[in-house]
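Numbering (the UniProt record's numbering), first residue to last: 1 to 115.
What follows is one structure encoded as structure tokens, with my remarks underneath.
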């Protein structure tokens, strides 16, 4: 049994069957990516919990993780900075709200600037 398998047993505490294998119904939900014109992305600045550093966050993307990763890679490359893609958000280092919003709009996305 894997290290964290005990968390995914979902109510099975004990089985007397020595050949028992707990099976979960894993449903791979693949989110369909909306076309850029229908996306409503929010671009905002975040400073909290980042050690005093500022990051530009792009939130609101609806689609697959692969498409989100690809969009994040494109933004980081075009801005020439580092960043990450996690929890459904693209994080770009620095205060680049205007530049990120402009790049997104040029790519056909609806980008709304925040704070």
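Built from N, CA and C at the ideal position, the CB exists for glycine as well.
Owing to the predicted nature of the structure, the values given are computational and were not obtained by experimental measurement.
{"Item": "Only counting runs of 3 or more residues, tell me where the beta strand (DSSP E) segments fall wholly within the UniProt domain \"SUI1\" (48–108), in order along the chain.", "Value": "55–59, 83–86, 89–93"}
{"Item": "Between which residues of its own chain and residue 42 is the CB-CB distance below 6 Å, once the five residues before and five after are set aside?", "Value": "59, 60, 112, 114"}
{"Item": "Beta strand (DSSP E) containing residue 44: first to last residue?", "Value": "40–46"}
{"Item": "CA-CA distance, residue 44 and residue 92?", "Value": "10 Å"}
{"Item": "Take residue 105 and list the residues in its own chain whose beta-carbon comes closer than 7 Å to its own, dropping the five residues that flank it on each side.", "Value": "111"}
{"Item": "According to the Cβ coordinates, are residue 69 and residue 85 closer than 8 Å?", "Value": "yes"}
{"Item": "Return the chain-ordered list of same chain residues with a C-beta closer than 7 Å to the C-beta of residue 108, the five sequence neighbours on each side being excluded.", "Value": "36, 37"}
{"Item": "Kindly identify the DSSP beta-bridge partner or partners of residue 112.", "Value": "42"}
{"Item": "Is the beta carbon of residue 71 less than 8 Å from the beta carbon of residue 100?", "Value": "no"}
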